[in-house]
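K.L.:
One structure, as structure tokens, below. Some questions next.
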Ligand code: KIV
Ligand code: NA
């Protein structure tokens with residue numbers, strides 16, 4: 007199989023073929039998603055929430071992100087694997103950002119990195135790209151800034167924030183980003199941005215006009231109980247599926263139904 011590249015993603019945008027992206031954090035899931043034909047697998051710092059049980063993405067470390075990334079890379083034969091730079095691993099200065107990106111690329115074998123922010127981090131982005139590492143931007147609701155926002159509601163509803171986002175998207179393109187994620191912003195704004203840049207724009211809660219879509223895989227397969235924001239389409243209810251399987255297993259163990267004659271040596 008031929009590996010997806012940033013060049014292919016660029017061509018997909020140019021010919022209007024939508025880009026499919028999901029998060030992945032472990033080998034088993036990466037294998038399934040890669041088999042299914044996902045174009046991009048994102049080792050998101052949402053691992054902090056859905057894998058580790060933290061309330062925010064802030065606590066996850068660079069070492070922990072690298073561990074998740076190694077597992078996903080081993081399961082992905084075709085998908086382009088992007089890894090989030092976690093909170094605290096790039097905000098200090100561009101040298102620190104470059105070192106963090108290099109560690110991810112070297113130690114995990116991933117194909118690119120993603121980091122949150124616009125003008126504030128553009129110098130770091132340039133430095134990472136200069137080193138030959140593909141960078142994806144992330145604007146709108148940037149969860150590493152949750153304590154600045156105070157809430158996970160829709161961003162860029164007012165003109166000032168929308169204007170900054172549009173300027174930031176152009177800056178990211180100018181800096182050489184191969185794509186940008188727009189999270190939880192009005193569909194109309196996401197459409198404007200997607201049409202104003204030539205790099206792929208991947209939306210989550212950003213409407214249908216983006217060049218591709220991304221979701222947190224645990225949310226789209228219904229593993230995260232009670233998390234049903236408007237933008238989420240849930241394709242499976244694995245929470246109930248696994249709960250029922252586990253309860254059936256308990257019954258079978260307690261009733262001596264498992265293991266049976268054929269399930270032993
Ligand atoms: O960490 C993550 O899952 C993400 C996506 C929501 C884009 O950054
Ligand atoms: Na993220």
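Numbering (the UniProt record's numbering), first residue to last: 7 to 271. Note that beta-carbon positions come from the ideal geometry of N, C-alpha and C, so glycine has one too. Remember, it's a predicted structure, so these values are computed and weren't measured experimentally.
Write down the C-beta distance between residue 223 and residue 42 rounded to the nearest angstrom, noting that I regard them as a contact closer than 8 Å.
P.N.:
In fact, because the Cβ distance is near 11 Å, the residues do not count as touching under 8 Å.
K.L.:
Given the structure, does residue 131 come close to the ligand KIV, in the sense that its CB is under 7 Å from one of the ligand's heavy atoms?
P.N.:
No - the ligand KIV has no heavy atom lying nearer than 7 Å to the Cβ of residue 131.
K.L.:
Does the beta-carbon distance from residue 68 to residue 133 come in below 8 Å?
P.N.:
For residue 68 and residue 133, no; Cβs fall outside 8 Å.
K.L.:
Would residue 191 and residue 146 be called neighbours here (beta carbons separated by less than 8 Å)?
P.N.:
Yes; because the gap between Cβ atoms is below 8 Å, this pair is in contact.
K.L.:
May I ask you to list the residues that DSSP assigns as paired with residue 90?
P.N.:
Answer by DSSP bridge pairing, in chain order: 120.
K.L.:
Answer yes or no: the CB of residue 90 versus the heavy atoms of the ligand NA, is any distance below 7 Å?
P.N.:
Flag set: Cβ of residue 90 near the ligand NA.
K.L.:
For the ligand NA, is there a heavy atom less than 7 Å away from the beta-carbon of residue 94?
P.N.:
Not under cutoff, so the answer is no.
K.L.:
Tell me the rounded alpha-carbon separation between residue 113 and residue 106.
P.N.:
Taking the straight line from one Cα to the other gives about 11 Å.
K.L.:
Return the CA-CA distance between residue 27 and residue 137, expressed in angstroms with no decimal places.
P.N.:
When rounded, the distance between both Cα atoms is 25 Å.
K.L.:
What's the call for residue 9, buried or exposed, on a 16-neighbour Cβ count within 10 Å?
P.N.:
Residue 9 should be labelled exposed.
K.L.:
At 4 residues or longer, what runs of the alpha helix (DSSP H) sit wholly inside the region 144-177?
P.N.:
With a minimum length of 4 residues, the continuous alpha helix (DSSP H) runs that stay inside the region 144-177 are 152-155.
K.L.:
The beta strand (DSSP E) spanning residue 29 covers which residue range?
P.N.:
Start and end: 25-29.
K.L.:
Let me confirm a value: residue 92 is counted as buried when at least 16 other C-beta atoms fall within 10 Å, else exposed. Which label applies?
P.N.:
Its Cβ being crowded by 16 or more others within 10 Å, residue 92 is buried.
K.L.:
State the DSSP-derived secondary structure class of residue 270, mapped to helix, strand or coil.
P.N.:
It is coil, neither helix nor strand.
K.L.:
Taking Cβ to Cβ, would you say residue 3 is nearer than 8 Å to residue 62?
P.N.:
The structure shown does not extend to residue 3, since the chain spans only 7 to 271, so no value can be given for it.
K.L.:
Do residue 226 and residue 185 come within 8 Å of each other at the CB atom, strictly closer than that value?
P.N.:
Going by C-beta atoms, residue 185 is not nearer than 8 Å to residue 226.
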